[in-house]
């Protein structure tokens, strides 16, 4: 009887501690989400918003908006090219820096992770100066006689996209490497020793032992990377300003322009596009979870 009263008392105190956090989450997260969803069915400026006619006007407008479609294509281009390269580099670096015989492992790990400590705006501006027409990259290319004149990296659609991809890889590879390192350190070293005794080489060990055991971590980092790339904003704004001619603009950048960057705030249309991004993230996350689920 006494144990039941103690359990009930613990449950009451547990709920008491949960109530403040729950209220804050509801007020700061769920309520704005609901309001944004309702706003996505409205039109007009922020001061004179009214229900759209038809009610799904903002959602249907997206599919006829050529600039929004371009932003979707650009964002998926970054996703398809950058995410696999970044995650492959991250897992290879993690495997390398998990080697017990490697000297100065701590220094190397810090150097790879250090870009993550750089502010998003700061590193975007650094890459902008590096790849400027009179920037360091052009100076190096000319000094090595690879090019005879300056290349306008940020003024050409193809090279501007490549610069954004390089910046993303530099910034986020170390971040994902930390997750893989944590996963690798959870694998017993005796497993690798047994594989070595059985005659497995480095590649077979990596592909048949490391990758299967890291599957949950790989799925998690893949979902996180998809989520982050679909919401890509800082690089588009600070590196290229969406240019040239909106060839590098992302969905989040276009949403921002409709909310704050084009004079008249079109919150209804911006909210509709935001929920479109949310649905994309949810669908891709579910697909990844289903593909990665090895249970019968």
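Residue numbers (our numbering): 5 to 300.
Ideal placement from N, C-alpha and C gives every residue a C-beta, glycine not left out.
Of all the options the options, which has the alpha carbon lying nearest to the alpha carbon of residue i?
{"i": "residue 138", "options": "52, 184, 128 and 156", "result": "156"}
{"i": "residue 271", "options": "205, 192, 64 and 44", "result": "44"}
{"i": "residue 229", "options": "210, 64, 264 and 285", "result": "285"}
{"i": "residue 246", "options": "144, 57, 167 and 49", "result": "167"}
{"i": "residue 60", "options": "47, 208 and 133", "result": "47"}
{"i": "residue 158", "options": "20, 250 and 65", "result": "250"}
{"i": "residue 83", "options": "259, 187, 233 and 294", "result": "233"}
{"i": "residue 4", "options": "210, 28, 259 and 292", "result": "The chain is shown only over 5 to 300; residue 4 falls outside these bounds and no answer can be derived."}
Does DSSP classify residue i as helix, strand or coil?
{"i": "residue 300", "result": "Residue placement at residue 300 is poorly supported in this model, since its pLDDT is 48, which falls under 50; the coordinates are not used for a value here."}
{"i": "residue 107", "result": "coil"}
{"i": "residue 280", "result": "helix"}
{"i": "residue 47", "result": "strand"}
Assuming residue i contacts residue j (C-beta within less than 8 Å), just tell me the rounded distance between them.
{"i": "residue 275", "j": "residue 25", "result": "About 26 Å; that fails the 8 Å criterion."}
{"i": "residue 231", "j": "residue 128", "result": "Between residue 128 and residue 231 the Cβ distance is about 19 Å, and since that is not below 8 Å, they are no contact."}
{"i": "residue 252", "j": "residue 240", "result": "6 Å"}
{"i": "residue 86", "j": "residue 172", "result": "5 Å"}
Using the rule of at least 16 other Cβ atoms within 10 Å of the residue's Cβ for burial, across every protein chain shown, is residue i buried or exposed?
{"i": "residue 222", "result": "buried"}
{"i": "residue 178", "result": "buried"}
{"i": "residue 266", "result": "exposed"}
{"i": "residue 219", "result": "exposed"}
{"i": "residue 214", "result": "buried"}
{"i": "residue 287", "result": "exposed"}
At a cut-off of 8 Å, is residue i close to the ligand NAP when judged by its beta-carbon and the heavy atoms of the ligand?
{"i": "residue 13", "result": "Inclusion of the ligand NAP in the displayed structure is not the case, the ligand content being empty and no account of it being possible."}
Could you give the uninterrupted runs of the alpha helix (DSSP H) lying entirely in the segment 66-101, keeping only those of 4 residues or more? Along the segment 66-101, the alpha helix (DSSP H) occurs as fully enclosed runs of 4 or more residues at 70-101, listed in sequence order.
At 4 residues or longer, and completely inside the segment 111-161: list those alpha helix (DSSP H) runs for me, N to C. Uninterrupted alpha helix (DSSP H) stretches at least 4 residues long and entirely within the segment 111-161 occur at 124-134 and 140-147, given in chain order.
Which runs of the alpha helix (DSSP H) fall wholly inside the segment 201-233 and span at least 4 residues, in chain order? Taken in chain order, the unbroken stretches of alpha helix (DSSP H) that lie wholly in the segment 201-233 and span 4 residues or more are 206-209.
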